[in-house]
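Here is the structure we will look at, set down as structure tokens.
Chains as they are written, first to last, in our numbering: chain X, 54 to 277; chain B, 12 to 248.
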């Protein structure tokens, strides 16, 4: 049980909070170990929530929060979790955090919670979070795990927002709801690209991002 | 340390964890419920008012109390006393036999005494329930405004029904033809040539990529209009 886990909390080492190893935990997922383009996790929600920038932005914030705290909690409990039900335990922790976020949003910022509707719940099934719990938090100390969660959340969010910017600007001619393609362009025969509105466009865009990233950095090519 | 792979340990761990999580979540949920309910009630009042004119949400409560008179009518058109319109759950009412349904009407009074009739709507979108309010003018046919909401439509697609550009299109259009038959229709796809309003009083531009949600809006409007038909008839007499 949890007491046994606490008893096993390792002796504090004299490592600075933001040592270069820890900084890499934050920055690696932004590029060389990006959850979407390299680990190819979380692609499903990257297709679904990127039609507009605003939901993508909020989704990114929520995933950073849930991913980092789920990593932290699982890392604290890691020595006590029974091996055979570890996935279930991870899922319970994720679902609890997500439900808490949902309840708090509904009570204090009802409009926002209405706007996000299903996406909050969808975070539970975001494979990045469980992927990081399984791959990192189960075998690392709490602080690095927390940083890994923040880093992966940010890496995921960066791609999400990038895709959303392309999709919203070319699909609807707006950015965060504001018109950015000037009206005279439409008079000249410019049309919004209908494909950009559909999830298929996100797949093309992510494919192109992966291509560009690997063309620039050939050592990534056979990683996955 | 106990053997973390033993059956007893696994069962105990699962049981204790479930219990802790359940207590924590139940506590949070109960503790926040009054706040959530208040937020929901304010949101509903705001939506009802928005069907006629946009109001600042801060003033929604006062504005609602001042302007709105609540009524409950039956599908036969008689006004039912003793029921509170605001507490009626339309989705549940639609599941009852048509004779037992309680249908709320919110009567909005303008400063000049003119009245608008706000009707609640309830239907199904692509993923989940959709709903809304449509406000009709004195002739019970011209649409003064609309406000739609949804539980889980896709942002950027189906969720667009709750945005201004979609809702404001209804303004000035007619819900039924001269004979009183339902006629307004949300079209497939966006960018249909449907201006000016006077020339196309029964057409509303749709949303590209959200045809099923738009069909849901059509079905919801038609159903809503049909259930108030008898009440309107009695009003026009």
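Where a beta carbon is used, it is the ideal one built from N, C-alpha and C, also for glycine.
(message) Rounded to whole angstroms, what is the Cα-Cα separation between residue 136/X and residue 145/X?
(response) 15 Å
(request) Please list, in chain order, all residues of the same chain as residue 185/B whose beta carbon is under 8 Å from its beta carbon, the five residues on each side excluded. (result) Here residue 185/B has 152, 153, 154, 194, 195, 212 and 213 as same chain residues with Cβ atoms under 8 Å from its own Cβ, once five neighbours each way along the sequence are excluded.
(request) Determine the extent of the alpha helix (DSSP H) in which residue 245/B is found, giving its start and end residues. (result) Start and end: 240 to 247.
(message) At the level of alpha carbons, what is the spacing between residue 127/B and residue 244/B?
(response) 16 Å
(message) With a threshold of 8 Å between beta carbons, is residue 197/B in contact with chain X?
(response) no
(message) Can you list, in chain order, the residues of its chain with a C-beta nearer than 8 Å to that of residue 116/B? Leave out the 5 residues immediately preceding and following it.
(response) Contacts found: 81, 82, 83, 84, 96, 128, 129, 130, 239 and 242.
(request) Spell out the partners DSSP gives residue 161/B in its beta bridges. (result) 141/B
(request) Could you tell me if residue 123/X is buried or exposed, where buried requires 16 or more neighbouring beta carbons within 10 angstroms of its beta carbon? (result) buried
(message) Does residue 133/B come out as helix, strand or coil in the three-state DSSP assignment?
(response) strand
(request) With 8 Å as the threshold, decide whether the Cβ of residue 231/B is near any Cβ in chain X. (result) Not an interface residue.
(request) Sort 103/B, 19/B, 168/B and 192/B by Cα distance to residue 105/X and report the nearest one. (result) 168/B
(request) Compile a chain-ordered list of the residues in the stretch 128 to 150 of chain X whose CB is closer than 8 Å to at least one CB of chain B. (result) Cβ contacts with chain B: 132, 133, 134, 135, 136, 137, 138, 141, 142, 145 and 149.
(request) Count the C-beta pairs between the stretch 159 to 174 of chain X and the stretch 48 to 62 of chain B that are closer than 8 Å, then say yes if the count reaches three, no if not. (result) yes
(message) Can you check whether the C-beta of residue 105/X is within less than 8 Å of a C-beta belonging to chain B?
(response) The Cβ of residue 105/X sits closer than 8 Å to at least one Cβ of chain B.
(request) Measure the CB-CB distance between residue 132/B and residue 232/B and report whether it falls below 8 Å. (result) A contact, by the Cβ cut-off of 8 Å.
(request) State the Cα-Cα distance for the pair residue 202/X and residue 77/X, rounded to the nearest angstrom. (result) 12 Å
(message) Quick check: residue 198/X and residue 190/X, are their CB atoms within less than 8 Å of each other?
(response) yes
(request) Starting from the beta carbon of residue 102/X, find every residue of chain D whose beta carbon is closer than 8 Å, and list them in chain order. (result) Absence of chain D from the displayed structure is noted, the protein chains being X and B.
(request) Note down the Cα distance separating residue 15/B from residue 132/X, rounded to an integer number of angstroms. (result) Roughly 9 Å between the two C-alpha positions.
(request) Would you verify that the beta carbon of residue 54/X is, or is not, closer than 8 Å to some beta carbon of chain B? (result) Confidence at residue 54/X is low in this model, with a pLDDT of 40, below 50, so its placement is unreliable and the value that follows should be read with caution. By this cut-off, residue 54/X is an interface position.
(request) Could you tell me which residues DSSP pairs with residue 196/B in its beta bridges? (result) 214/B
(message) Contact defined as beta carbons within less than 8 Å: I believe residue 120/X pairs with residue 181/X. What is the distance between those atoms, to the nearest angstrom?
(response) 7 Å
(request) Closer than 9 Å by beta-carbon distance: list the chain X residues that pair up with residue 54/B, in chain order. (result) 163, 164 and 167
(request) Just the C-alpha distance for residue 241/X and residue 164/B, rounded to the nearest angstrom, thanks. (result) 33 Å
(request) Say whether chain X places a C-beta atom closer than 8 Å to the C-beta of residue 132/B. (result) no
(request) Kindly list the residues whose CB is nearer than 7 Å to the CB of residue 58/B, restricted to its own chain and excluding five residues on each side of it in sequence; keep chain order. (result) 144, 158 and 160
(request) Could you tell me the distance, in whole angstroms, from the CA atom of residue 188/B to the CA atom of residue 48/B? (result) 40 Å
(request) Output yes if chain B places a C-beta closer than 8 Å to the C-beta of residue 236/X; else output no. (result) no
(request) Could you list which residues in chain B have their beta carbon closer than 8 Å to that of residue 208/X, in chain order? (result) Listed along chain B, no residue sits closer than 8 Å to residue 208/X by beta-carbon distance, the nearest being about 22 Å off.
(request) Please name the residue in 237/B, 113/B and 181/B whose C-alpha comes closest to that of residue 62/B. (result) 181/B
(message) Rounding to the nearest angstrom, what Cα-Cα distance links residue 83/X and residue 215/B in this structure?
(response) 44 Å
(request) Report the residue from 90/X, 81/X and 79/X whose alpha carbon sits nearest the alpha carbon of residue 260/X. (result) 90/X
(request) Can you grab the Cα-Cα spacing for the pair residue 205/B / residue 217/B, in whole Å? (result) So the two alpha carbons sit approximately 11 Å from each other.
(request) Assign residue 127/X to buried or exposed, taking buried as 16 or more other Cβ atoms, counted over all protein chains shown, within 10 Å of its Cβ. (result) buried
(request) Taking all protein chains shown into account, decide if residue 244/X is buried (16 or more other Cβ within 10 angstroms of its Cβ) or exposed. (result) exposed
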